[in-house]
Amino acid sequence: MVTKSAPTKKTASVKKPTTSTKTTAVKATSTTNKASVEAFKQSVLNHLRTTIGTSPEKASKLAWWQAVVAACNEEIFGRLTDTQSTHAKADTRAVHYLSAEFLMGRLTVNNLTNLEKFDIAREALKELGLDINEVCEEEPDMALGNGGLGRLAACFMDSLATCKYPCVGYGIHYENGLFRQEIRGGKQVERPDSWREYGCPWEVCRPESVQNIPLGGYIEKQTAPDGSVSSVWHPSSIIKGVPWDIPVVGYRGSSVAILRLWESRSTEQFNWDVFNAGGYIDAQAEKSLAETISKVLYPNDSTQAGKELRLTQQYFFCACSLRDILRRYNRTHHHDYSDFANKIAIQLNDTHPTIAIPELMRLLIDEEGLSFDAAWDITSKSFNYTNHTLLPEALEKWPVYIFEKLLPRHLEIIYEINYRFLNDVVEKKWPGNNDMKAKLSIIEEGQCRMVRMANLCVVTSGKVNGVAKIHSKLVKEDLFPEYAELWPNKFCNVTNGVTPRRWLLACNKGLAELYNEVSGKDWPLNLDLCEKLKAYADDKAYQERFMKIKHENKVVLANTIKELVGVEVDPNAMFDVQVKRLHEYKRQHLNLLYILSLYKSLLENPDRDVPPQVFIFGAKAAPAYKLAKDIIYAINAVGEKINNDLRIKGKLKVVFLPNYRVSLAEKIIPAADISEQISTAGYEASGTSNMKFAMNGALTLGTMDGANIEIVEKAGIENNIIFGLSVEEVQALKARGYNSWDYYNADHELKSVLDWLDTDYFTPGEPGALSSIKNSLLQGGDPFLVLADFESYKEAHERAQALFKDKARWAKAAMMNSATMGIFSSDRSMHDYARDIWNLKALDIK
Ligand code: 26V
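Just remember that the working numbering sits 339 ahead of the position in the sequence shown, which is counted from 1.
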């Protein structure tokens, strides 16, 4: 509880805004004493010479950055070794987080921050005549993920390390991360993202832990003298898995976790007898397949059909990871598996690593000689599954024929799991009910039989969790109601979180300093301490200080915008931001329709009393997602027109920042006034940028969806701008039969902005260039109820504008948002997983 007695003393120490223009600059304090600055400087100079092989006179910025990383690694690798040996000695239980994506972003600022060396490094580099921000800009983002799901895995690794939970993250060492987006003529162009073209100084290759992974081939049935039949898999090729370790530095403590990413290589070991006489060519094709497996990250929101390579990727990294887990387990347990489930927890980040389930079964049965029952007992006690989406098209299904070709033995095991589940469990609960069996079966019957990966996860896992309260409720009640009837206690919720080290301490130095003063220096480890700011939310001096920090961040972003897209924006304008993957359910086009209506109203009345507004977008569209790309084009075309229209007197600007990624998010989020979280209720599982924005003092303009609901529960509905249909209302409207034409015909304004898209007003000489958006909303049936929410959305913007004019009221709302986000620290998420799902204890590092 915050007491009301503190503010008087603290208020006295608030710097009046006029006294300094540099409130964000952190002064050299006790954390930057001369000796440690000198030591860091010497370390960088030494590494520049002895590790990088250059001299200060010749060194490029890239070389300086590499030397800084080497200086950090001196400390990090010692801590890493200590963490590993502490865990090994204690033979502790650990969680193994399997994820096809880890969106780590850049590591330098984050690692320096977590080592509490950022200020030291900044001073040291300054003495060397270098600007730390410029040096850190040399680092490419590790963009090994699509969006929220991958970034969540990265935040979780930061929190696992910080909270000292024994863990390993396992994933894929993609050669190319998510594509680099260029905008040419307003349109998205995809370019390869080779993030380690010049090497990545954070990662270490571990040849001693290479794995050989079998693939393809056929099954031979062998009958034992007792008549029992067993399967022997003769794979057609062996793929080499090479592990790369990336240390994940916990904040302040000595714990350093490991992220182990697998790279595929060809072994050139072929099982020649599986090929016929002309098989040489087939064998060469297999070789290039092996080298292709870890080449590229799939954009997750394109359709699943025919993605044989993607299933191979999933299997490849799961098979490598499980062998690694077994190898480490057997160092102390010598193939006695009775303790396996006590020592090993495995978390499946969505269905992408589901194939780990039959792979563990196979390893235990075929290679370790356990019975099916014994293997199932261990497997079903080891796995848990997190669901991240309800979208039916996003639930992974793989054609049986692909399994037959690539993973014939795994298919047999899946059939056996399914047979036992349907006969032992479903038949007992619903005797003779074949419809129920068809519905719950892991195999979908039909012309093309499919393996339903989510069903396999639910049948096997001890716990199944959603990622926000509303989402977990929908997972249990709408997605898997029959499974929930079978196993009500299997389903639970762990609301997502984000690491406050990256998303506040490192990216918003001004606000971090304010929290240091108000909450003490421990808030990055206990974000609830930020609540202390609530006591000052009505204090004018604090309000001004808070908004001054925001303004300074906006000045920085305005400069970045000018640099990136050449558009001049006014830092006094309201910065309204929507940054996330481009998808119809996220409704960037709802935002665009509002912008059109605002623009229209300003053309009709240029003196209209609205605050100046800048609408900022960042979004990548899946390369094959035509409508998503059309929406990007429309935003750019509309922006081009509006930004150059002198009639509206600079009251409205629209910018689309290319190549949205973690490092750009770190610049955008601290500068936002409004956080657009406008998904159709029921479709955004959680959202995590909503938490980052609120932490940094933006107001959520959003629907009651995902974690928005929990955010406004904490920050106060009066401090946010909520609009639109609720989940229940969306379901009811769909059940009644939604007809978007009704809204088009009834709302004159909506009709006129939609019709505007058919003209060539925004695309001179090219009428119809933006019509696909209108068509999707009318002929296309508007699957995400954009038109149904338009009026309410417009009204919400009007509320936001009115509130923005009331500076004190706005400042209070912004402060209340930032102060109350403690619960959205990913440390809290990790404590929830550790307690409710993993049964995992933290371990101090010796
Ligand atoms: C996949 C697909 C594949 C088929 C086409 C449509 C589509 C749309 C989305 C996806 C991604 C599904 C998994 C995912 O990334 N979920 C996100 O996970 C975040 C972390 O829990 C969460 O905050 C986001 O709300 C959720 O969308």
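Glycine included, each C-beta is placed from N, C-alpha and C at the ideal position.
query: Environment of residue 1132 [buried if 16+ CB atoms lie within 10 Å]; result: buried
query: Nearest residue (CA-CA) to residue 579, options 596, 633 and 559; result: 633
query: Within 8 Å, strictly: CB atoms of residue 540 and residue 409; result: yes
query: Check: residue 806 C-beta below 7 Å from any heavy atom of the ligand 26V; result: yes
query: Cα-Cα separation, residue 953 to residue 908; result: 7 Å
query: Heavy atom of the ligand 26V within 7 Å of residue 727 beta-carbon; result: yes
query: Counterpart residues of residue 952 in DSSP-defined beta bridges; result: 913 and 991
query: For residue 590, the three-state DSSP class (helix, strand or coil); result: coil
query: Residues near residue 973 by beta carbon distance below 8 Å, same chain, minus five either side; result: 928, 931, 1096, 1101, 1109 and 1112
query: Element boundaries [alpha helix (DSSP H), containing residue 779]; result: 773-779
query: Inter-stretch contact at 8 Å, needing at least 3 Cβ pairs: the region 546-561 / the region 456-467; result: no
query: Other residues of its chain near residue 1107: CB distance less than 7 Å, five sequence neighbours each side excluded; result: 1097
query: Bridge partner(s) assigned by DSSP for residue 960; result: Looking at the DSSP assignment, residue 960 forms no beta bridge with any residue, so it has no partner.
query: For residue 852 and residue 870, the rounded distance between their alpha carbons; result: 15 Å
query: Residue 535 in three-state terms, based on DSSP; result: coil
query: Distance between residue 1078 and residue 1124 (C-alpha atoms, nearest Å); result: 9 Å
query: Candidates 501, 762, 893 and 529: closest to residue 587 by CA position; result: 501
query: Nonlocal neighbours in the same chain, by C-beta distance under 6 Å from residue 647, ignoring five residues either side; result: 741
query: Beta-carbon contacts of residue 1068 that lie in its chain and below 7 Å, excluding the five residues immediately before and after; result: none
query: DSSP three-state assignment for residue 657, whether helix, strand or coil; result: helix
query: Beta-carbon gap between residue 485 and residue 638 smaller than 8 Å; result: yes
query: Any 3 or more C-beta pairs closer than 8 Å across the region 1029-1043 and the region 1052-1072; result: yes
query: Whole-Å CB distance - residue 492 paired with residue 441, under 8 Å assumed; result: 5 Å
query: Counted within 10 angstroms of its Cβ, other Cβ atoms place residue 1042 as buried (16 or more) or exposed; result: buried
query: Check: residue 1004 C-beta below 7 Å from any heavy atom of the ligand NAP; result: This structure simply doesn't include the ligand NAP; it includes the ligand 26V instead.
query: Cβ neighbour criterion (16 or more within 10 Å) applied to residue 758; result: exposed
query: Where residue 763 sits in the DSSP three-state scheme; result: helix
query: Terminal residues of the alpha helix (DSSP H) in which residue 459 lies; result: 457-466
query: Three CB pairs or more closer than 8 Å across the region 428-444 and the region 495-511; result: yes
query: At least 3 beta-carbon pairs within less than 8 Å: the region 462-477 vs the region 704-721; result: no
query: Three-state secondary structure (DSSP) of residue 513; result: coil
query: Residue burial classification, residue 905 (beta-carbon count within 10 angstroms, cutoff 16); result: exposed
query: DSSP state of residue 769 mapped onto helix, strand, coil; result: coil
query: Residue 872 and residue 1158 closer than 8 Å at C-beta; result: yes
query: Residue 557 (DSSP reduced to helix, strand or coil); result: strand
query: Residue nearest to residue 401 in terms of C-alpha spacing, selected from 603, 536, 488 and 483; result: 536
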